[in-house]
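This report concerns only the one structure given below.
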Amino acid sequence: MICGNAIDLMRQIPDGAVDLVVTSPPYNIKNSTGNGMKDGRGGKWRRAALVHGYSHHQDNMPHEAYVAWQRDCLAEMLRIIPGHGAIFYNHKWRVQAGLLQDRHDIVSGFPVRQIIIWKRKGGINFNPGYFLPTYEVIYLIAKPQFKLVKKANAHGDLWEFGQEAHNPHPAPFPLALIERIIASTTARIVLDPFMGSGTTALAAKNLNRHFIGMDLSPEYCQMATQRLLDPACFKRSGKPTRQHELFEPVVLP
Numbered sequence: 255m256i257c258g259n260a261i262d263l264m265r266q267i268p269d270g271a272v273d274l275v276v277t278s279p280p281y282n283i284k285n286s287t288g289n290g291m292k293d294g295r296g297g298k299w300r301r302a303a304l305v306h307g308y309s310h311h312q313d314n315m316p317h318e319a320y321v322a323w324q325r326d327c328l329a330e331m332l333r334i335i336p337g338h339g340a341i342f343y344n345h346k347w348r349v350q351a352g353l354l355q356d357r358h359d360i361v362s363g364f365p366v367r368q369i370i371i372w373k374r375k376g377g378i379n380f381n382p383g384y385f386l387p388t389y390e391v392i393y394l395i396a397k398p399q400f401k402l403v404k405k406a407n408a409h410g411d412l413w414e415f416g417q418e419a420h421n422p423h424p425a426p427f428p429l430a431l432i433e434r435i436i437a438s439t440t441a442r443i444v445l446d447p448f449m450g451s452g453t454t455a456l457a458a459k460n461l462n463r464h465f466i467g468m469d470l471s472p473e474y475c476q477m478a479t480q481r482l483l484d485p486a487c488f489k490r491s492g493k494p495t496r497q498h499e500l501f502e503p504v505v506l507p
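All letters in the sequence shown, in the order written, are residues 255 to 507 by this note's numbering.
Put into structure tokens, the structure is as follows:
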């Protein structure tokens, strides 16, 4: 686990040194035109954990700045994977000011090989202008030599996984989803530059792979470290059950 700015940290990694990147960045949701999310008043987002933003990141950048940031992140991810490497980049399409944001402005120009639909269960839609959104998208951005392991290509491109419960992070990955991604590859070193509660690290550990986890928030780095020590801690109480010393940031040489 490395605590710090994702781009700054990735720039310290040599070309082609990481086999696989699996990540879900902040979605810039507090820049939403929807009622309540932007300023925390409540409205349709009053029960959403992200109404308060992430720890150490308010998730409210001007759209153009957000797109430029994410493109810089993807450029670094692409640099540090080898010719057989891949990036699984999870994001969410959403309607802004009546128009669909499909994230083409972020991923255009990168070698997107496939879009995987992650269908979530449940949800509430307060907007009468469109149907209930029930999915997120995972862009498979792959170098030319990337291949799945034997029989993994039998999976379809529509995956249904429930959202993870009892996780104190405001936007956690389902562990089973990340395990499917990693298990479908031969990757030995897996990177998540927006590690959050450590789901990618835990999935890599469960599959006997090496991982590098990065996050700007010392709170989330500590949360992920506690979860690796006790993978069941969130399932029991929705919060870490052990108290450890504050996570000490690791700095790459």
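Beta carbons are placed, not taken as given, at the ideal position from N, Cα and C, and that holds for glycine.
query	result
Length at least 4, wholly inside the stretch 335-391: the alpha helix (DSSP H) runs in chain order	358-361
For W275, the residue or residues it bridges with in DSSP	Here residue 275 turns out to be Val, not Trp, going by the sequence shown. According to DSSP, V275 bridges with I341, L445.
C-beta atoms of V276 and I466 nearer than 8 Å	no
For L412, the first and last residue of its enclosing beta strand (DSSP E)	412-414
I392 classed as buried or exposed, judged by whether at least 16 other C-beta atoms fall within 10 angstroms	buried
Cβ neighbours of L535 in the same chain (closer than 7 Å, five flanking residues each side left out)	As shown, the chain starts at 255 and ends at 507. That puts residue 535 outside it, with no answer to give.
Alpha carbon of P279 to alpha carbon of C327, nearest angstrom	9 Å
Three-state secondary structure (DSSP) of M264	helix
Test item: CB-CB of V444 and D273 under 8 Å	yes
Of the residues H464, D446, N462, the one placed nearest N259, counting alpha carbons only	D446
Y384 burial status per 10 Å Cβ neighbour count (16 or more: buried)	exposed
Where L500 falls, given that 16 or more other Cβ within 10 Å makes a residue buried	At L500, the pLDDT of 42 sits below 50, so the modelled position is not reliable; the number obtained from the coordinates is stated separately. With fewer than 16 other Cβ atoms within 10 Å, it is exposed.
First and last residue of the uninterrupted beta strand (DSSP E) at M477	M477 -> not in any beta strand (DSSP E); alpha helix (DSSP H) instead, spanning 472-483.
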